[in-house]
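Per my numbering, residue 40 is the first one in the sequence shown, and the count goes up by one each step.
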Amino acid sequence: MNDERSIRMRDAKAKLDEVCQIIDSLIDGHVLEHHAAETLGKLRDISDSDADPGSLRNMIRALETDEGAPGWTRPLDSVKNVYRKVL
40 MNDERSIRMR
50 DAKAKLDEVC
60 QIIDSLIDGH
70 VLEHHAAETL
80 GKLRDISDSD
90 ADPGSLRNMI
100 RALETDEGAP
110 GWTRPLDSVK
120 NVYRKVL
């Protein structure tokens, strides 16, 4: 199931990248070029940001690594080592 999600997330990222390329090609020399550049920056952050955990790049990584349930659902596990055996 994660494979299907990962594929769909990659497709969404590819489509967003394509949207960015289209907008970039259309705004060159336009009056609103500055504002459109800000919008492009936001869209590229949504797609590729390493710092934003909600970026498509980071969500793809999370789906591929399948980290399982979040740490707060495993209160007896070590946050530093989620694969440690619970005693």
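For glycine and all other residues, C-beta sits at the position ideal for the given N, C-alpha and C.
- At least 8 Å separates the beta-carbon of Ile-61 from that of Ala-75.
- Excluding the 5 residues flanking it on each side, Ser-94 has same chain C-beta neighbours closer than 7 Å at Asp-84, Ile-85, Ser-86, Asp-87 and Ser-88, in chain order.
- Rounded to whole angstroms, Arg-44 and Glu-77 show a C-alpha spacing of 30 Å.
- Within its own chain, the residues whose Cβ lies closer than 8 Å to the Cβ of Val-58, once the five positions on either side in sequence are excluded, are Leu-82, listed in chain order.
- For Asp-42 and Val-70, the gap between their C-alpha atoms comes out near 43 Å.
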